[in-house]
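S.K.: In full-length UniProt numbering, the protein residues as written are 1 to 530.
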């Protein structure tokens, strides 16, 4: 066994077969975080945390050491974790890691490539940091549908609050919404992040929106962006001057540096659908450059919703490219599969017991003391009821509840996200990629199915839903477990805009789901009596 330190400073173990990457993540607070006077969450002393780098099908072991003063969990945003929702790192599947203790995640980057990230799923910890990139490279035997880039950069872009996350949490608990963020950061910095490349060479930029509230537009002064990947799916390689990236989403683009006189250029991110608009910059530095980047900054879109929706429809799956396996990615003809069930989800804002809450189909989610997965595995009664939430919106005031939708393994499901509010929404499903088949304005009706993209809709794990509009996705429920379907806008998530999808059959087999891990934490009704 060869112990090494990778270039990110993470402890790593490499085995010949199977390949295992073993990381140790230390989570602690810093008395003063970047751009604020309050405590921030560092991973291995860094903000943002170091990237996790691996190759398709490698096994990942991550020992998370919680040095915070509160229970804590990390979730792996977009990592499918085949047959093991035990490793998901959300309160519906895992007991939180107590302070001054540790827990070890074990999962496989099974049949995945692409650009992902990790972040805290507990309370409002995500507003204080604790996030990092998670990049999965393809195996050497798998070709990619573009020339091998000369290098790559990971950019974690997100909104930032200068207020302590505990104060923000208290604001939500008292029934008040969060204000607009104070700033945008790129890799934890307001302006100083710098990415250096050689003139004439081409680089892959992996860009993730790690914010908690705000859609962004991303662009690079004097350069075009060739889109090559969205959340693990190879795309048709369209060229863009700028790209909208909504909360929780990730893309990868190719950028070719000019071969002329070296100079520096601004990398720009600005908020979407906010008044005022916040803008932040980083620097694309040409090696050997002595010319600083200069104004004006490239102009991005402002509030144009239809501009963003039109661009989103151009994100299409590359049907001629391989995925993480040798078989053609386009061999999954989702448009020819009969839909077994339609689930229609409507988000609403409500007052419950005089306080602000957010609801889905009139149910505002509350985490029980016992994780849903433990209750399901051990048949513990009184934790959740599959009849709490319905497949379509119901009339009447919103109530508190523990929402779990019961589904059958291998069902093919259509999910409609209806947004009748004036703010953009962003929805994420753990454990899966779904094909985005349509966006539209107004109230969804069955007639809109005629407009669906049933051929090359992009598979992704997070989808935006525009104000007073809808988004439709189709998903094959082939990953058994208890999976979180949530708002990626964290204040809404915290105040109830989430639920769980139980994908189940009565077969007990390691071919469909792993057993409970031997190091599982127990809490609530699952905690052994002393």
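Beta carbons are placed, not taken as given, at the ideal position from N, Cα and C, and that holds for glycine.
Treat the numbers as computed from the prediction; the structure is a model and nothing was measured.
For a quick check, are the C-beta atoms of residue 454 and residue 336 less than 9 Å apart?
M.R.: yes
S.K.: Count the other CB atoms, across all protein chains shown, that sit within 10 Å of the CB of residue 62; report buried if there are 16 or more and exposed otherwise.
M.R.: buried
S.K.: Over what stretch of residues does the beta strand (DSSP E) that includes residue 470 continue unbroken?
M.R.: 469-476
S.K.: Can you give the Cα-Cα distance for residue 473 and residue 516, rounded to whole angstroms?
M.R.: 31 Å
S.K.: On the CB-based measure, 16 or more other CB atoms within 10 Å of its CB, does residue 161 come out buried or exposed?
M.R.: buried
S.K.: Just tell me which of 268, 412, 441 has its CA closest to the CA of residue 422.
M.R.: 441
S.K.: What first and last residue would you give for the beta strand (DSSP E) that runs through residue 349?
M.R.: 341-352
S.K.: Have a look at residue 506 and residue 475 and give me their C-alpha separation to the nearest angstrom.
M.R.: 21 Å
S.K.: Cβ of residue 145 within 9 Å of Cβ of residue 321?
M.R.: yes
S.K.: Where residue 140 and residue 464 are concerned, what is the direct C-alpha to C-alpha distance, given to the nearest angstrom?
M.R.: Between residue 140 and residue 464, the C-alpha separation is close to 33 Å.
S.K.: In chain order, which continuous runs of the beta strand (DSSP E) of length 3 or greater are located wholly inside the region 365-430?
M.R.: 399-401, 404-408, 412-419, 425-429
S.K.: Sort 127, 53, 501 by Cα distance to residue 402 and report the nearest one.
M.R.: 501
S.K.: If distances are taken between C-alpha atoms only, which option among 81, 101, 277 comes closest to residue 111?
M.R.: 81
S.K.: Taking only the alpha-carbon atoms, compute the straight-line gap between residue 27 and residue 72 and give it to the nearest angstrom.
M.R.: 9 Å
S.K.: Thinking C-beta only, is residue 498 closer than 9 Å to residue 484?
M.R.: Pairing residue 484 with residue 498 gives a Cβ-Cβ distance under 9 Å.
S.K.: Name the DSSP beta bridge partners of residue 219, please?
M.R.: The partner list for residue 219 (beta bridge, DSSP) reads 268.
S.K.: Compare the C-alpha of residue 313 against each of 354, 376, 436, 302 and name the closest.
M.R.: 436
S.K.: Please determine, among 91, 214, 319, the residue with the shortest C-alpha to C-alpha distance to residue 490.
M.R.: 214
S.K.: Helix, strand or coil for residue 521? Go by DSSP, reduced to three states.
M.R.: Note: residue 521 maps to coil in three-state DSSP.
S.K.: What residue range is occupied by the uninterrupted alpha helix (DSSP H) comprising residue 311?
M.R.: Here the alpha helix (DSSP H) through residue 311 covers 305-313.
S.K.: What number of angstroms, rounded off, separates the C-alpha of residue 415 from the C-alpha of residue 201?
M.R.: So the two alpha carbons sit approximately 42 Å from each other.
S.K.: If you draw a straight line from the alpha carbon of residue 69 to that of residue 518, how long is it in whole angstroms?
M.R.: Taking the straight line from one Cα to the other gives about 26 Å.
S.K.: Going by DSSP in three states, residue 52 sits in which element: helix, strand or coil?
M.R.: strand
S.K.: Would the region 116-126 count as touching the region 295-311 if we require 3 or more Cβ pairs under 8 Å?
M.R.: Contact between the region 116-126 and the region 295-311 is absent: fewer than three C-beta pairs spanning the two stretches fall below 8 Å.
S.K.: Could you pull out every unbroken beta strand (DSSP E) segment of at least 3 residues lying fully inside the region 448-512, listed in chain order?
M.R.: 462-465, 469-476, 481-487, 498-504
S.K.: Please report the Cβ distance between residue 324 and residue 108, rounded to the nearest whole angstrom; I am assuming they are in contact, meaning their Cβ atoms lie under 8 Å.
M.R.: The Cβ separation is near 12 Å, so there is no contact.
S.K.: Taking 7 Å as the limit between beta carbons, can you name the residues of its chain near residue 493, skipping five residues before and five after?
M.R.: 486, 487
S.K.: Looking at C-alpha atoms only, which residue of 280, 355, 136, 294 is the closest neighbour of residue 495?
M.R.: The shortest C-alpha separation from residue 495 is found at 355.
S.K.: Just to confirm my understanding: we take residue 525, look at its own chain, exclude 5 residues before and 5 after, and list those with CB closer than 6 Å. What are they?
M.R.: 370, 380
S.K.: Assess, as a yes-or-no matter, whether the region 183-201 is touched by the region 277-294 under the definition of 3 or more beta carbon pairs within less than 8 Å.
M.R.: yes
S.K.: Hey, is the region 215-227 in contact with the region 241-252, meaning 3+ C-beta pairs nearer than 8 Å?
M.R.: yes
S.K.: To the nearest angstrom, how far is the alpha carbon of residue 343 from that of residue 57?
M.R.: 32 Å
S.K.: Given that a residue counts as buried once 16 or more other Cβ atoms are within 10 Å of its Cβ, and exposed if not, what is residue 345?
M.R.: That one is buried.
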